[in-house]
Amino acid sequence: MSYNDRNNGVYDPESYTKGIGRNFKASVIFVAVLLAISLIVEGVNYLLGNAPIFLN
Numbered sequence: 002m003s004y005n006d007r008n009n010g011v012y013d014p015e016s017y018t019k020g021i022g023r024n025f026k027a028s029v030i031f032v033a034v035l036l037a038i039s040l041i042v043e044g045v046n047y048l049l050g051n052a053p054i055f056l057n
């Protein structure tokens, strides 16, 4: 079902921005998870006495 089918072919900017907001929230969560994983890897390497991967 395409975007236009919902509104009988009428362009609805409000639902379009709602979709962007949903995707934006998902991408922010994704970036936060990636940052958390890299920080955990950093902490484990620090505890093991290895050289840091990301931080110099």
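Taking my numbering, the leading residue of the sequence shown gets 2, the next gets one more, and so forth.
Glycine included, each C-beta is placed from N, C-alpha and C at the ideal position.
Please report the distance separating the alpha-carbon of residue i from that of residue j.
i, j, result
"R23", "I30", "11 Å"
"I41", "A27", "21 Å"
"A37", "E43", "10 Å"
"S39", "V32", "11 Å"
"F25", "V34", "14 Å"
"N46", "K19", "41 Å"
Can you list, in chain order, the residues of its chain whose CB lies under 8 Å from that of residue i, leaving out five sequence neighbours each side?
i, result
"L49", "none"
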